Structure formats: C-alpha cells, structure tokens
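Student:
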Amino acid sequence: MCPSGRDRLAGIRTSDGMSTGIKQAFDVIDADRDGKISAEDLRAFYSGASPVNAIAATTTEDDIGSMISVADSNRNGFVELDEFEQVLMKCRTTTSDHNEMAMMEDAFKVMDRDGDGLVGLEDLRSYMEWAGFELGDEEIKAMIRLGGGDESRGVCYQGLLKILAVGF
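0 is the number of the first residue of the sequence shown in numbering that gives the first Met the number 0; add one for each residue after it.
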C-alpha cells in the first residue's frame, strides 16, 4: 500500500502543493475514506486505542465535538483535508493554543500503546497496521529516526510532530 524507502517519508508535495505526510495522517483518521473527518471517524479512531491507554476511555462526545469544532472552519460539521492541514500548520507554529495541540497530543497517546511516553517500533507498527498501512520494520525505524528518536527506544511527542509535519 505504501511504497518502500524514504521517499514516502520525505514529505513529497502533490500537484496541489499538499504534503503527502499530511494526506497520510488525514487518511489514518478518515476511517470511512469519504474525504472528510466526521464525528464517527473520530469515534472509530479513538475506539482503536489500547485499553491500557486512558485516552480511549476518557474521550467523551463533548471532546469529539470540540475537536471537530476547532478544525471545522467552514462550519459544515466535518473536517476536510485543507482544514486538517491548517490545524497541523497552526500546531506547528502556535504551541500555546491548548485546543489545537490537544488533538495532536491525543493522537500521540493513542499511538503510545504502552503509555511510556515514547512511540516505539511496536507502538508505531501496531498503530500503522490498525490504520491500514503495511510498513516494514526498516520503514518504521526510518520514521522514528526522522523524528529525532532512537530506533531502539522510540520517538517522543515532539518527534512525532516532526514526522507528521515533514515537508511543511
């Protein structure tokens, strides 16, 4: 499904200027693949969280509504790809805005299946498999290195942001 090698990780821009990393992150959350993130997509995203991870158990309907509201600039009840990109761009430059950062922090917590504060090889492999991406260990290790992490331990939250923000 994903080409092997670092090109996929290098934040290649599509013909419309969109980073492929952003599109891939969007596709992870867009469970029904209809081109927009809905409340149902977010419920599915959080239901895939490990029982060890408290975020799945504590995400309420109000939380989901807030996440949609933060990103839904055209107020149609969905988050389209361009709105998703805007949120990621703001997350990268406006770290003090709690509502915007909370979405990225929640995604990190879902991926950190063992709750150790690092997304390691097993965490990232498990999450990527759940999201429908078939990646080999070398590709996952390359992602971790790209985020400034140690491939034997993993990558921290800031490192995961680097992985998702490649090519901005």
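Note that CB positions come from ideal geometry on N, CA and C, so glycine has one too.
None of the values given here were measured: they were computed from a predicted structure.
Measure how close the beta-carbons of Phe83 and Phe44 come, nearest whole angstrom, since I'm counting them as under 8 Å.
Tutor: That belief does not hold up - the Cβ atoms of Phe83 and Phe44 are roughly 13 Å apart, past 8 Å.
Student: Please state whether DSSP places Gly20 in a helix, a strand or coil.
Tutor: In the structure shown, Gly20 sits in a helix (DSSP, three-state: H, G or I).
Student: When the distance is taken between beta carbons, is Gly146 closer than 9 Å to Leu120?
Tutor: Not a contact, by the Cβ cut-off of 9 Å.
Student: May I ask you to report which of helix, strand or coil DSSP gives Gly135?
Tutor: Note: Gly135 maps to coil in three-state DSSP.
Student: Should the stretch 110-124 be called in touch with the stretch 57-74, which here means at least 3 C-beta pairs below 8 Å?
Tutor: No, because fewer than three Cβ pairs between the stretch 110-124 and the stretch 57-74 fall closer than 8 Å, the two stretches do not touch.
Student: Helix, strand or coil, according to DSSP, for Glu150 in the structure here?
Tutor: DSSP places Glu150 in coil when its eight states are reduced to three.
Student: At what residues does the alpha helix (DSSP H) containing Ala130 begin and finish?
Tutor: Run containing Ala130: none; DSSP gives neither H nor E here.
Student: Just curious, the alpha helix (DSSP H) that Ser46 is in, first and last residue?
Tutor: Residues 38-46.
Student: Whole angstroms are fine: how far does the CA of Gly20 sit from the CA of Lys161?
Tutor: Roughly 10 Å separates the two Cα atoms.
Student: In whole angstroms, give me the CA-to-CA distance for Asp122 and Asp111.
Tutor: Cα to Cα, Asp122 sits roughly 6 Å from Asp111.
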